[in-house]
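Chains as they are written, first to last, in the working numbering: chain H, 1 to 539; chain G, 1001 to 1406.
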Amino acid sequence: MNKNLTWKWIVIVAVLVVFVLGVFGNPANWSSKGLVASIKDQIHLGLDLRGGTHLILQVQVNDAVNVDSDNAIARLKEDMRTHKLSYADIVKPDPVNHPETVVVKGVPPEQTTDFKNLVTDRLTDYETASAPENSWTVSMKPSILADLKNRAVQQAIETIRNRIDALGVSEPVIQEHGLGAYQILVQLPGVDDPARVKEIMQSTAMLEIKQSLGGPYSSEQAALQDKGGVLPPDAVLMPGRSIGSTRDNESGENWYLISRASAVTGRDLRTAEPSTDENGQPAVRFILTSEGGRKFYSFTSGHVGDNLAVVLDNKVQEVAVIKEAIRDTGIINGRFTQQQVQDLSMTLRSGALPAGIKYLEERTVGPSLGADSIKSGVRAAIAGMLAVLIFMLIYYRWAGVNADVALIFNLIILLGFMGFFGAVLTLPGIAGVILTVGMGVDSNVLIFERIREELRNGKTPASAVEQGFAHAWITIVDTHVTTIVSAAILFIFGTGPVKGFATTLVFGLAANLFTAVFVSRVIFDWILSRKQRGEALSI
Amino acid sequence: MEFFRNTNIDFLGKKWYFLSFSLIFSVAGLLSMAFWHGIPLGVDFRGGTLVYVKYSHTPDPDAIHADIDRAGLKNARVQRYGLASNNELLIQLDIQETSEQALDKGKTQIIQALEGRASSASAGKQDLNNSSSLALANYLLEKDPLHLGMDANPRYTAIAQAIVNDRDKVKSGVLDSIDGLKGVVDPAVVASLGDGFFVSDFGIRNVEIVGPQVGQQLRKQAILATLYSLAGMLVYLALRFEWIYGVAAVLTVFHDTLITVGVFSLLNKEISLTVIAAILTLIGYSNNDTIVVFDRIRENIKLLRREKLSDIVNKSINQTLSRTILTAGLTFLTVLALFLFGGEVLRGFSLALVIGILIGTYSSIAIAAPILVAYQDWRTERGQRPIAMPMRTGTGQNSPKEKIKV
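Rendered as C-alpha cells:
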C-alpha cells in the first residue's frame, strides 16, 4: 500500500472516530442500554417525536403603548393646570389602532408657544403637531414607539421564561417568532397539559412591593423571639436574600417580617431598568403605571424612613429604605454591583407582563403519538436502507460493497453532525435521513456507471476508475449544491418539523460529498493496488 | 448485472407522445383545481381546529358527529383517520370556530362533548385517559395511598409519570380500565385511583389549532420559499450553463409541481406544511436529474461538434439512461418505504415524494431536453445562430482555434 493511501486511510478512520463520538457523546457504560441512553442524550428529539406543546402568542403591544399614553395624558393634565394653560379636552381618538396619539383640543392661540414648550420639556418622548381648530396632536416619537413595542415583546419573553422555569419544563424554547409581528414561539417538550401552562403564563400577581417590618433574621425562631413569641396579625414571615444588604450575610437565607398588604403589585409595574442613583452608583429604576403611581405615592409619603421589601413569588428579593415619597418613578439603591442591578431589574421586569397576550397557534402532540411516530420512522428508515444496500450489492457486486460502506459511513457522519450541532430530530427529519440515503447513492451510481462505460470503451481498470471519478465529480457538485440551496431555503422559511427535515437533508448531502467521492475512491484505490495486471474490476 | 447497456432510443422523436401525456395530466389537474376539489389546503394554511382522537373500540363517526352537533358546534367534520384497526377519528372545526379571542374554545367544547357520553358513574371524577401526569401527581399527593412521608412529592411524581408512560407508550394512549394498571404500580395506588378517576373510551392523540393570522403567514411563507427556490435554480443554472438551460429547467420543474399539486387535487389529499417541504424537495430532485442530462449534453456538444443538436441530445439521454433509471429506482424505493411504513402523519409528505420522483425523472427526458432542441430549432428557423451551446463563443460549428475549458 503506497504512502498516500495510508494517509488517506488514517484520515478516514479519524473522521469515523470523531463522528462516532458525535453520535454517542461520552457514554457512561458500554452496554447496549448505556449506548442507547447516550444517543438519547446527544440527539434531541423534536416535539413531534417526544410529545409536547407548541404555542405561538402575540404580544398586544398596543396595551403597553396605551399605558404609556395614559400616563402621558395624566401628566399633561396636571402640568397644564400647574402652568395655567387651558384646554377643552384631551382625548385619544383611536386607542385601538393608534394608542400613541393624543389630541389636545381647544388650546387658545396665544398659549401656543407655552404649550409647545411644555410638551418639549415635560413629555420628552412625545412630539407635537398642530391640528385644525386650535387642536394639537401629541404623539409618541416613532423611534420611541418602536422601541417601546420591542421592549414589550422582550419583557414578555423574560416574564414567560421565568414562569415556565417555575414549572420545571426541560429544554423549553421561548423566543421571538420571526415570521410575524410581535409574536413569541413557546415550545414545551413533555407538557401534556397546555391549559395549565397557558394559565400560568398569563397570570399577573407575582410581584409585590410591601413594607418590611423587621429583619433580616437568621431563622424563623430568631424572628419569633424578637417579637416576643407572637407575630403581629398584619405581618407574615418570609424567606429571602437581601442582595444589597449592609450585612455581609451571603450564605443561607434570611427571614423578614413582611406586612401582608402590598403597596404595589405586578399589575402596577410598567418596567424596571438598570440606572444610577445620585451618587453615580448602580441602582434600579422602576416605573409604575399611573394607577400604581398614585397608590405608591400615598404609601411612600406616609412611610418615609421605613423599609420597603420587593417580594417575588413570596420570597423577599430586596429590602431598601424609603428616602422620600415616590410617585411613578423610583430608584432602588443599596450597595449593588452592576451585575446585581441587572439581575434585579430583570427580576422586576419578569414579574410584570407588559401587555396582554393572545394565542395564535396551538399544537399538542400526545406522547403516544410521539412514540408511534418514532417507531414508524425507524421502521421506514431500516426498510429503505436495506432495500438500497441489497440492490447495490446485487447490481454492482464488489463495487456494491464499496457503495454500501460509503452509505453507512454517510449515516454515521450525518448523525454525528446532528449530535455536535445539537440539531433537533423531527419526524420529517427521519424522512430526510431516508431521502439522503436515496439521493446519496445517486453519487455512487453516477461514478459507477461512468466507470462501466469507460471499461466498455476499453480502458484499464485504473484508468476507468480515474475517468469515472473525474467526470462524475462536476455533476455531483452541481446536484448537491442545488439541493443544499433548496434545503437552506426550506430551513429559513420553515417551522419546527420542516426545519428538522432541511437540517438532516443538508447534513446528509454534505456528508455524502465526502463519502461518495473521497471514501469510495480510497476503497477503489486500495482494491486496485491489490490487483494483478490485467485482472478485471468487479463492478 | 446491467440493465441498460448501449441503448439507442429516439427520445426526441417521441416528444409528441410525452407532450400529450403531460398535457392530459396537467389539464386534468388544472380542471380539478379550478372546478372540482380545488386546491385542498391543510389546516396550516386554512386555519381551524383539528383534534385527533383514539378510541379503545371501533368508533362510530356519525354518532360522534351527532354528539358534537348537539354541543353547539355546527360545522364539525368527523372522519376516520388512518388504518381502520387504529380506531382513530379526526374531528375538524373550521376557521369560524377558531377565533383568536379564544383559540382553544373549539377544542375544549369537543372534549366536553366526547366526555359527555360517559356514564353517570363517572360523575365528579376525572378522565384518566385525558389527565396530565401533573393532575395525577397532585391527586396522589392529596390522597397519599402509600402513606409516604418526606419524599412523597418526588415518589408520587414518578408514579404518575409511570402511569402516563404506560398509557401512552405501551397502550397507545387509551387505557381500557384502571385495573389494567395493576402490573405497573402498587395496588393501593390503583385502588385510590378508582375513587377519583374513571376511564373514558378515548384519548386525545394530537391537537392542532391554527388561528387566521398564522394561517395567512404560513401561506405567504410557502409561496415565498417556492419562488426563492425557483429563482435560485434559474440563477445557478444560467451561470453554470446558458440561460436557456435555466429556463428549460424552471419550466420542467413548474410542470412537475403542477402535476403533483394536480394529483393532490384529484385525490382530494390535503396540502400541509410538510407537503410543501416535499414539493420543494422534489423540485430539487427534478433539478438534479435535469442537470445530469444537461451536463452530458454539454460534454457531448464539445465532443461531437459536427452532429445535429437533436442527435447529440438523444445520445446524451441514452448514455445517462442507466444512471437516471437506477437513481430514480433507488430513490423511489426509499420513498416507497416511507409511504408504506412511515405512518399516517407522513402520508401526505411521502405521497408528494412518490409522485415527484416519478414525474421528476420523466420530465428531465420528456420536457427539459425537447425544450432545448425546440428553442434551437426556432432560432435556426429565424436565421439566427443556434444558441443552445453552453460556451461563450460556441456556435456548434467547427472552430479549431477555440480552446475549451471544462
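No residue lacks a Cβ here, since even glycine has one placed at the ideal position from N, Cα and C.
DSSP places Met1150(G) outside both helix and strand once states are collapsed to three, so it counts as coil. Gly1048(G) is outside the set of residues whose beta carbon lies under 9 Å from a beta carbon in chain H.
A distance below 6 Å between beta-carbons, with the five flanking residues on each side excluded, links Ala462(H) to the following residues of its chain, in chain order: Leu528.
In terms of Cβ geometry, Leu1041(G) and Ile1209(G) do not form a close pair [threshold 9 Å]. Boundaries of the beta strand (DSSP E) harbouring His54(H): Gly52 to Val59, taken from the DSSP string. For Ser275(H), the enclosing beta strand (DSSP E) starts and ends at Leu269 to Thr276. Scanning chain H for C-beta atoms nearer than 8 Å to the C-beta of Arg1347(G) yields nothing, as the closest lies near 10 Å away. Interface with chain H (9 Å Cβ-Cβ cutoff): Ser1316(G) is excluded. Residues are counted here when their Cβ sits less than 8 Å from a Cβ of chain H; for the segment 1181-1208 of chain G these are Gly1203, Ile1204, Arg1205, Asn1206, Val1207 and Glu1208, given in chain order. Taking the C-beta atoms as reference points, Leu1266(G) is found nearer than 9 Å to Ser1032(G). With a contact defined as Cβ atoms closer than 8 Å, Asn66(H) and Asp328(H) miss out at about 15 Å. Within the segment 368-402 of chain H, the residues whose Cβ lies closer than 7 Å to any Cβ of chain G are, in chain order, Ser368, Leu369, Ala371, Asp372, Ser373, Ser376, Gly377, Arg379, Ala380, Ala383, Gly384, Ala387, Val388, Phe391, Ile394 and Tyr395. For Tyr1156(G), no CB of chain H lies under 9 Å from its own CB, so it is not counted at the interface with that chain. Gln338(H) and Ala488(H) have their C-alpha atoms spaced approximately 41 Å apart. By the C-beta density criterion, Phe493(H) is buried, having at least 16 other C-beta atoms within 10 angstroms. Chain-ordered, the chain H residues with CB closer than 8 Å to the CB of Phe1341(G) read Ser376, Arg379, Ala380 and Ala383. In terms of CA proximity to Ala131(H), Lys105(H) leads the group Lys105(H), Ala64(H) and Leu118(H). Only Ala431, Ile434, Leu435, Val437, Gly438, Met439, Val441 and Asp442 from the segment 430-444 of chain H bring a Cβ to less than 7 Å from some Cβ of chain G. Identification of residues in the segment 1207-1237 of chain G having a C-beta nearer than 7 Å to some C-beta of chain H yields Val1207, Glu1208, Ile1209, Val1210, Gly1211, Gln1213, Val1214, Gln1217, Gln1221, Leu1224, Ala1225, Tyr1228, Ser1229, Gly1232, Met1233 and Tyr1236, given in sequence order. One finds nothing in chain H with a Cβ atom closer than 9 Å to the Cβ of Val1250(G); even the nearest lies about 12 Å away. Under the Cβ criterion of 9 Å, Thr1007(G) is not counted among the residues facing chain H. Distance check between Ser38(H) and each of Asn26(H), Leu49(H) and Ser486(H) places Asn26(H) closest, using alpha-carbon atoms only. Residues Asp125, Tyr126 and Glu127 of the same chain have their beta carbon placed closer than 8 Å to that of Lys141(H), with the five preceding and five following residues left out of the count. If the five residues before and after Tyr297(H) are omitted, its C-beta is found closer than 7 Å to the C-beta atoms of Ala325, Ile326 and Arg327, all from its own chain and listed in chain order. For Phe1198(G), the pairing in a beta bridge is given by DSSP as Asp1127(G). Taking a C-beta cut-off of 8 Å against chain G, none of the residues of the segment 118-152 of chain H qualify. When DSSP reads this structure, Pro189(H) sits in a beta bridge with Gly52(H).
Taken in chain order, the complete beta strand (DSSP E) segments of 3 or more residues contained in the segment 278-317 of chain H are 282-288 and 307-312.
Residue contact check for Ala1152(G) against chain H: no CB pair falls below 9 Å. Between the C-alpha atoms of Leu1019(G) and Gly1013(G) there is a straight-line separation of about 11 Å. Of the residues Leu308(H), Ile90(H), Leu425(H) and Thr503(H), the one whose Cα lies closest to the Cα of Trp136(H) is Ile90(H). Here Tyr1375(G) carries a helix assignment [DSSP, helix/strand/coil]. Here the C-alpha atom of Pro367(H) lies approximately 33 Å from the C-alpha atom of Thr1260(G). The C-alpha of Leu55(H) lies about 28 Å from the C-alpha of Asp1069(G).
Distances from the CA of Arg270(H) to each of Gly330(H), Asn444(H), Ala403(H) and Gly228(H) were compared; the closest alpha carbon is that of Gly330(H). Of all residues in the segment 355-366 of chain H, those with a C-beta nearer than 9 Å to a C-beta of chain G are Lys358, Tyr359, Leu360, Glu361, Glu362, Arg363, Thr364, Val365 and Gly366, reading in chain order.
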